[in-house]
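Residue numbers (this note's numbering): 554 to 773. Where is the CB? At the ideal position from N, CA and C, for every residue including glycine. Shown next, in structure tokens, is the structure this report addresses.
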């Protein structure tokens, strides 16, 4: 059973999302919140698999709520998915840097919404190649650098290669094809890199890959 928490200041939207989720046999909505502070408290209380959090809310916004969830080691199993009306804007980029697993635009069709919840619950990032390209464009115009101490020196050559392919938006199966290895081995490389770089999920791994300089717009 996938346990989901809804955090949005618009009751009608929360009701709509809940109605969709309640129809699924493998998904349970454990709680709802109308602002980030209440949502953060409920995350700590229920430890959901997926927290669907609106990016702009009163009291505590989605970015700060995400940052606090990501900073709490006891909440490592909570995958935050940001809800937004605007697609990949500056707010969403900052949410990804704060530790969000991905984002959904609120006018998403029901089938894609349910699929996204299941993807997030598995720990996979909601970052399609088109979204990754937008992230790349963000770095073209305003490059960022973490600097020393990112943990890149601890990665093996194969792990670095896997991370670079993740940053291009490739799935584990696609990485396996590109590196001529099994899907399980590709997954192992990615998971080990995430552990060494202290990335919560693939979305944060993409951000770290660009910020650290492992991947640049020229070679992606």
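Which listed residue (the options) has its alpha carbon closest to that of residue i
i           : options            : result
residue 554 : 671, 637, 758      : 671
residue 579 : 668, 755, 631, 598 : 668
residue 644 : 601, 610, 713      : 610
residue 754 : 649, 710, 665      : 649
residue 603 : 733, 675, 624, 658 : 675
residue 757 : 658, 646, 564      : 646
residue 574 : 752, 664, 714      : 664
Length of the line joining the Cα atoms of residue i and residue j
i           : j           : result
residue 740 : residue 717 : 14 Å
residue 567 : residue 742 : 38 Å
residue 763 : residue 720 : 8 Å
residue 629 : residue 622 : 8 Å
residue 633 : residue 606 : 7 Å
residue 572 : residue 582 : 10 Å
residue 765 : residue 705 : 8 Å
residue 635 : residue 608 : 6 Å
residue 737 : residue 556 : 26 Å
residue 697 : residue 576 : Low per-residue confidence applies at residue 697: pLDDT is 45, beneath 50, and the placement is therefore not dependable, though the value from the model is reported in the following sentence. For residue 697 and residue 576, the distance between alpha carbons rounds to 43 Å.
residue 654 : residue 661 : 17 Å
residue 731 : residue 597 : 40 Å
residue 760 : residue 735 : 25 Å
residue 767 : residue 725 : 19 Å
residue 677 : residue 710 : 23 Å
residue 618 : residue 733 : 40 Å
residue 751 : residue 714 : 17 Å
residue 561 : residue 658 : 13 Å
Cβ-heavy atom distance, residue i to the ligand FMN, below 6 Å
i           : result
residue 557 : With respect to the ligand FMN, the structure shown offers nothing to examine, as it has no ligands at all.
Segment limits, alpha helix (DSSP H) that includes residue i
i           : result
residue 738 : 736-750
residue 726 : 725-732
residue 573 : 564-575
residue 595 : 589-599
C-beta atoms of residue i and residue j nearer than 7 Å
i           : j           : result
residue 595 : residue 587 : no
residue 651 : residue 616 : yes
residue 570 : residue 559 : yes
residue 749 : residue 723 : no
residue 656 : residue 637 : yes
Run of the beta strand (DSSP E) containing residue i, from where it starts to where it stops
i           : result
residue 766 : Unbroken run through residue 766: none, as it is neither H nor E.
residue 585 : 580-586
residue 637 : 632-637
residue 665 : From DSSP, residue 665 is part of no beta strand (DSSP E) but of the alpha helix (DSSP H) over 663-674.
residue 606 : 603-607
residue 655 : 655-658
Own chain residues within Cβ distance below 7 Å of residue i, not counting five before or after
i           : result
residue 613 : 588, 589, 590, 593
residue 712 : 742, 745, 746
residue 601 : 556, 557, 558, 583, 631
Contact set for residue i: own chain, Cβ-Cβ below 8 Å, skip 5 residues either direction
i           : result
residue 727 : 718
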